[in-house]
Every structure is written in C-alpha cells, then in structure tokens.
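A short worksheet on the structure shown next.
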Amino acid sequence: MPQEDSRGPITSHRGRASAVTALASVPQGMSLYELMQWSG
Numbered sequence: 005m006p007q008e009d010s011r012g013p014i015t016s017h018r019g020r021a022s023a024v025t026a027l028a029s030v031p032q033g034m035s036l037y038e039l040m041q042w043s044g
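Letter by letter, the sequence shown follows residues 5 to 44 in the working numbering.
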C-alpha cells in the first residue's frame, strides 16, 4: 500500500473523505443520513 500519491501523504482523513464521496456519487448511493452514520 503506497504511503503517498501525487497529492501528498495518504492520511486516514483523506481515505475516509474519498470513500464517502464515492458512496455518495453512485446512482443508488447512500442518503445523507446513511453517510453520516457510516462515517461516524
């Protein structure tokens, strides 16, 4: 697993933000409430 990419170090915050964005962006994505519950 790479520790950084072209934007710099890969942190847990960036990973979570990317995952939430991906889950919200698909056609049958999670609702805002579901995203809040999933992300803590």
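Ideal placement from N, C-alpha and C gives every residue a C-beta, glycine not left out.
Computed from a predicted structure; not experimentally measured.
Helix, strand or coil: which one does DSSP assign to residue i?
{"i": "Gly44", "result": "coil"}
{"i": "Gly12", "result": "strand"}
{"i": "Val24", "result": "helix"}
{"i": "Ser29", "result": "helix"}
Taking the CB atoms as reference points, tell me whether residue i and residue j lie closer together than 8 Å.
{"i": "Ser43", "j": "Val24", "result": "yes"}
Would you please state the rounded distance, in angstroms, between the beta carbons of residue i and residue j? I believe it to be under 8 Å.
{"i": "Gly33", "j": "Leu27", "result": "6 Å"}
Out of the options, point me to the one whose CA is closest to residue i's CA.
{"i": "Met40", "options": "Ala21, Ile14 and Pro31", "result": "Ala21"}
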